[in-house]
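Worksheet: the structure to be examined is printed underneath.
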Amino acid sequence: METAIGVFDSHNNAEEALRDLLRQSVPRESIVFLTRSENEAVTVAKELGTYAGGFVNGGFLAEVIAVTPLMIPGMGPVYTLGSGASALLGLVSPGTSSALDKATSTDVGIPETSHDNENAALFEKILKGGRSLILVRTAWHEIATVASGVLDRLGNDTSERTRVKTQTATRQADGITVLDVRGRITLGEGSVMLRKSISDLIQTGNKWIVLNLYEVDYVDTSGVGELVRIHATLRKQGGQLKLVNVHKTLMDILRMTCLHRVFDIQKDEASAIKSSGRAVRATA
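So, in structure tokens, the structure goes:
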């Protein structure tokens with residue numbers, strides 16, 4: 000299962016992204032829109048409903064355009080568009096104890112029955128910041144590629160970078176694993192290679208990882224999602240992920256989504272290794 004995520008400050012951009020996803024034949028059941036603003040949800044639903052009725056014979060209007068309020072513990076109502084919201088995100092009805100807690104679980108090998116509140120917190124931080132979210136989850140790589148392109152183009156990150164083949168290299172420094180990444184962390188090759196590299200390290204007992212992003216020239220929304228999944232996976236394994244040499248564009252994305260408060264971002268490799276060493280000794 001692959002996931003593409005778009006973060007939006009403007010409901011106009013979010014609406015255009017939803018239209019473009021439909022126009023490019025992304026299945027409606029794979030799309031979920033989330034916002035804390037009822038007015039935004041209703042506005043997008045009405046305008047998109049008019050569009051959808053003309054393009055898919057009203058089917059999308061009947062099944063998806065209805066705005067569904069969901070109570071999120073500790074945050075209040077979140078308004079969703081998308082008949083697949085519950086299936087895709089594990090959202091629950093008012094009065095239950097957890098929501099949004101399985102959003103990334105199937106992508107990191109965590110059982111779907113796990114209630115990982117960290118995943119919930121990541122989405123809550125974005126929504127609490129007054130931004131809206133569009134998620135597309137699909138088993139088809141081609142559809143995920145199309146969706147990622149739309150969400151990157153119309154979402155908050157519109158950076159364009161020259162393609163560089165993604166490469167990774169592992170080394171040890173004072174007993175801590177450093178993973179050097181070069182190129183792009185994007186939907187497809189970049190994210191898959193990074194995921195495999197981390198999986199290989201975990202299987203060999205390396206759970207305290209410093210991710211050196213010095214030679215990473217571009218990270219798209221799917222790449223950010225991959226970093227989130229790696230963070231959650233290592234925490235579940237009792238380890239930790241630290242990021243170093245984060246370039247300005249990526250840092251801007253992390254700040255916009257409040258993820259800079261979730262990741263452990265160090266100013267340099269020496270600081271990351273030193274703090275990781277102390278943590279390892281404290282848990283030994």
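49 is the number that numbering that gives the first Met the number 0 gives to position 50 of the sequence shown; each next residue is one higher, with no gaps. Using N, Cα and C, we set each Cβ at its ideal position, and we do this for glycine too.
Which residue's Cα is closest to the Cα of residue i: the options?
i	options	result
Ala172	Thr79, Pro68, Glu268	Glu268
Met192	Gln166, His246, Asp179, Arg136	Gln166
Leu238	Arg183, Leu150, Val41, Asp263	According to the sequence displayed, residue 238 carries Gly and not Leu. With distances taken between Cα atoms, Gly238 lies closest to Asp263.
Pro76	Ala40, Ala44, Lys45	Ala40
Tyr217	Gln202, Cys257, His246	His246
Glu15	Ala146, Thr256, Trp139	Ala146
Gly222	Arg194, Tyr213, Ala44, Ala138	Arg194
Lys273	Leu249, Met250, Val243, Met255	Val243
Glu214	Lys45, Ile184, Thr67	Ile184
Arg152	Ala168, Ile133, His140	Ile133
Ile208	Gly276, Val261, Val43	Gly276
Leu210	Arg228, Leu240, Gln202	Leu240
Leu212	Leu200, Val227, Gly182, Ser190	Gly182
Leu249	Leu226, Val149, Ile197	Leu226
Leu126	Tyr78, Val66, Thr67, Ser196	Tyr78
Leu150	Glu37, Val135, Leu69	Val135
Gly187	Leu69, Thr256, Val25, His140	His140
Ile229	Met70, Pro68, Ser190, Leu69	Ser190
Glu37	Leu17, Arg18, Ala65, Val25	Ala65
Let me confirm a value: residue i is counted as buried when at least 16 other C-beta atoms fall within 10 Å, else exposed. Which label applies?
i	result
Gly129	exposed
Gly224	buried
Lys206	buried
Arg35	buried
Gln23	exposed
Ala271	buried
Gly204	exposed
Glu123	buried
Ala138	exposed
Ala13	buried
Lys266	exposed
Arg285	The question about residue 285 has no answer here: the residues shown for the chain are numbered 0 through 283.
Ala44	buried
Arg170	exposed
Arg260	exposed
Asp179	buried
Glu1	buried
Pro93	Per-residue confidence for Pro93 stands at a pLDDT of 34, beneath the threshold of 50, marking its modelled position as unreliable; no derived number is given.
Ala102	Unreliable positioning characterises Ala102 in this predicted model, as indicated by a pLDDT of 32, which lies under 50. A coordinate reading is not provided.
Thr95	Note that Thr95 scores a pLDDT of 32, beneath 50, so its modelled location is shaky; the value from the coordinates is reported in the next line. Exposed: under 16 other Cβ atoms inside 10 Å.
Gly58	For Gly58, the predicted structure reports a pLDDT of 42, less than 50, and the residue's modelled location is therefore unreliable. A value from the coordinates is still provided. Looking at its Cβ environment, which holds fewer than 16 other Cβ atoms inside 10 Å, Gly58 is exposed.
If residue i sits next to residue j, beta carbons under 8 angstroms apart, how far is it from one beta carbon to the other, in whole angstroms?
i	j	result
Gly81	Thr220	Not quite, the Cβ-Cβ distance comes to about 17 angstroms (not below 8 angstroms), so this is no contact.
Ser131	Leu33	6 angstroms
Ala231	Ala3	Between Ala3 and Ala231 the Cβ distance is about 18 angstroms, and since that is not below 8 angstroms, they are no contact.
Ile197	Gln236	Wrong, their Cβ atoms sit about 10 angstroms apart, outside the cutoff.
Phe7	Gly148	At roughly 15 angstroms, the Cβ-Cβ gap does not stay under 8 angstroms, so Phe7 and Gly148 are not in contact.
Could you give the residue range of the alpha helix (DSSP H) that holds residue i?
i	result
Asp179	Where Asp179 is concerned, there is no enclosing alpha helix (DSSP H), although the beta strand (DSSP E) it sits in stretches over 175 to 184.
Leu20	10 to 22
Glu141	140 to 153
Leu249	247 to 255
Along the beta strand (DSSP E) that carries residue i, what are the first and last residues, could you check?
i	result
Ser131	131 to 137
Val77	75 to 80
Val209	207 to 218
Arg170	166 to 172
Gly5	1 to 7
Leu33	30 to 34
Leu240	239 to 243
Asp263	263 to 265
Between residue i and the ligand NAD, is the CB less than 6 angstroms from at least one heavy atom?
i	result
Ile133	Ligands displayed in this structure: none; no statement on the ligand NAD is therefore possible.
Count the C-beta pairs between the region 24 to 41 and the region 165 to 181 that are closer than 8 angstroms, then say yes if the count reaches three, no if not. The way I'd put it, the region 24 to 41 doesn't touch the region 165 to 181; fewer than three beta-carbon pairs between them come closer than 8 angstroms.
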